[in-house]
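Engineer: Structure in structure tokens, see below.
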Amino acid sequence: MAEVSYELDRIGVDYPTPAGLVTGLHEVSIAVPGSGITVFAGPSGSGKSTLLRVLGLFERPARGTMRFQGTETGTLTHRGRRALRRDRLGLVFQNPPENLLDYLTVADNLHAAAQSARRRCEPGDILGRLGLGGTGSWPIAALSGGQQQRLAFGCALARGSSVILADEPTSQLDEASADLVLDTLRSLAEQGFAVLVASHDERLIALGTRVAWLRDGKLEAFG
Ligand SMILES: Nc1ncnc2c1ncn2[C@@H]1O[C@H](COP(=O)(O)OP(=O)(O)O)[C@@H](O)[C@H]1O
Ligand SMILES: [Mg+2]
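Take -19 as the starting number for the sequence shown in our numbering and just add one per residue.
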């Protein structure tokens, strides 16, 4: 596993609004580790989601440069960005239903995720690793919120992602369900994945190998 997954140099993002440009990120420079759990923490509106969208190659920054696993991303075509996303990145959003296809069973969600990256997967193996053994034939609605989030991480595994990005993965969950997600993040990091999480959940922040603090779109501290 590479020591560094991302190198950002003075990344800036602006949002046009009726009141003028709003700066989402301001001159963010950071080297993100290629393993362990890196948490992007900070209050609401500090730029966590914006940064995660830049890292996930969904948002093209207005300024600065970003290398991902050695590739300079600024000059990539739309197709090149999509290929990197498909082959290397797994994204887990805040709301469990956004991450899964509710008309498919648990196992078929994993198959669909694998297929989207032109791969095959063994659902039983992945479900076992996530403590979801025996649920393969269940409909998604039969899983709790925490189990659905775990399955969303399973979809990232099925796609063969080496870097897993998650935006506030515990914020819509009760404490017991959030515990399931914390366990999953810990176990993914132990398995060698780089786990990058935006959160203001104190328990999740405590789990971070490194914590980057954002405020008003600026990186305040990284340690
Ligand atoms: N689509 C958007 N349009 C306009 N402003 C946005 C948009 N997305 C985010 N912002 C602004 O960018 C800043 C950072 O937002 P965001 O990245 O969502 O922060 P966080 O995830 O930490 O709550 C905020 O000032 C927010 O209002
Ligand atoms: Mg956010």
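Every residue, glycine too, gets a C-beta built ideally from N, C-alpha and C. No experiment lies behind these values; they were computed from the predicted model shown.
Are the Cβ atoms of LEU168 and ILE144 separated by less than 8 Å?
Structural biologist: Yes, the pair counts as a contact, with Cβ atoms nearer than the cut-off.
Engineer: With three or more beta-carbon pairs closer than 8 Å as the criterion, would you say the region 131 to 149 touches the region 82 to 96?
Structural biologist: Yes, since at least three Cβ pairs between the region 131 to 149 and the region 82 to 96 fall closer than 8 Å, the two stretches touch.
Engineer: So, at 6 Å on beta carbons, what are the nonlocal neighbours of ASP181 in its own chain, with the 5 sequence-adjacent residues on each side left out?
Structural biologist: Closer than 6 Å at the Cβ level, and outside the excluded window around ASP181, lie THR150.
Engineer: What does the Cβ neighbour count give for ALA192, buried or exposed, with the cut at 16 atoms within 10 Å?
Structural biologist: The residue in question, ALA192, is buried, as its Cβ has 16 or more Cβ neighbours within 10 Å.
Engineer: Using only the alpha-carbon positions, how far apart do LEU37 and ARG61 sit?
Structural biologist: So the two alpha carbons sit approximately 6 Å from each other.
Engineer: If you compare alpha carbons, which of ARG130, GLU200 and LEU153 is closest to ARG166?
Structural biologist: Here the closest residue by C-alpha is ARG130.
Engineer: Flag VAL2 as yes when its Cβ comes closer than 7 Å to any non-hydrogen atom of ligand 1, and as no otherwise.
Structural biologist: It does: the Cβ of VAL2 is within 7 Å (strictly closer) of some heavy atom of ligand 1.
Engineer: Under 8 Å: do the region -7 to 3 and the region 37 to 50 share three or more Cβ pairs, one atom per stretch?
Structural biologist: Enough Cβ pairs lie closer than 8 Å, so yes.
Engineer: Run the CB neighbour count on MET(-19), radius 10 Å, all protein chains shown included, and call it buried at 16 or more, exposed below.
Structural biologist: Note that MET(-19) has pLDDT 49, beneath the 50 cutoff, so the model's placement of it is unreliable and the number below is only indicative. Exposed, since its Cβ has fewer than 16 Cβ neighbours within 10 Å.
Engineer: Note down the Cα distance separating GLY54 from VAL19, rounded to an integer number of angstroms.
Structural biologist: Their Cα atoms are separated by approximately 24 Å.
Engineer: From GLN171 to SER9, what distance separates their C-alpha atoms?
Structural biologist: Taking the straight line joining both Cα atoms gives about 27 Å.
Engineer: Kindly indicate the opening and closing residues of the alpha helix (DSSP H) around PRO159.
Structural biologist: Before going further, note that residue 159 is Asp rather than Pro in the sequence given. Taken as a continuous stretch (DSSP letters only), the alpha helix (DSSP H) holding ASP159 covers 155 to 170.
Engineer: I need the DSSP call for GLU52, collapsed to helix, strand or coil.
Structural biologist: The answer is strand: DSSP assigns GLU52 an E or B state.
Engineer: Under 8 Å by Cβ, that's how I've got TYR83 and LEU35 pegged, so tell me the actual separation to the nearest angstrom.
Structural biologist: Rounded, the Cβ-Cβ distance is 30 Å, inconsistent with contact.
Engineer: Could you tell me which residues DSSP pairs with ILE120 in its beta bridges?
Structural biologist: In the DSSP output, where bridge partners are listed per residue, ILE120 has none listed.
Engineer: Tell me, which residues are paired with GLU(-13) by DSSP?
Structural biologist: DSSP output for GLU(-13) lists ALA11 and ARG47 as bridge partner(s).
Engineer: Closest to ASP159 by CA distance: which of GLY125, GLY134, SER142 and LEU(-12) is it?
Structural biologist: Closest option to ASP159, Cα to Cα, is GLY125.
Engineer: Can you tell me where the beta strand (DSSP E) holding LEU273 begins and where it ends?
Structural biologist: Absent from the structure is residue 273, since the part of the chain shown begins at -19 and ends at 203.
Engineer: In whole angstroms, what is the alpha-carbon distance linking GLN49 and ARG59?
Structural biologist: One C-alpha to the other measures close to 17 Å.
Engineer: In or out: VAL216 buried (at least 16 other Cβ within 10 Å) or exposed?
Structural biologist: Within the shown structure, residues of the chain are numbered from -19 to 203, placing residue 216 beyond reach of any answer.
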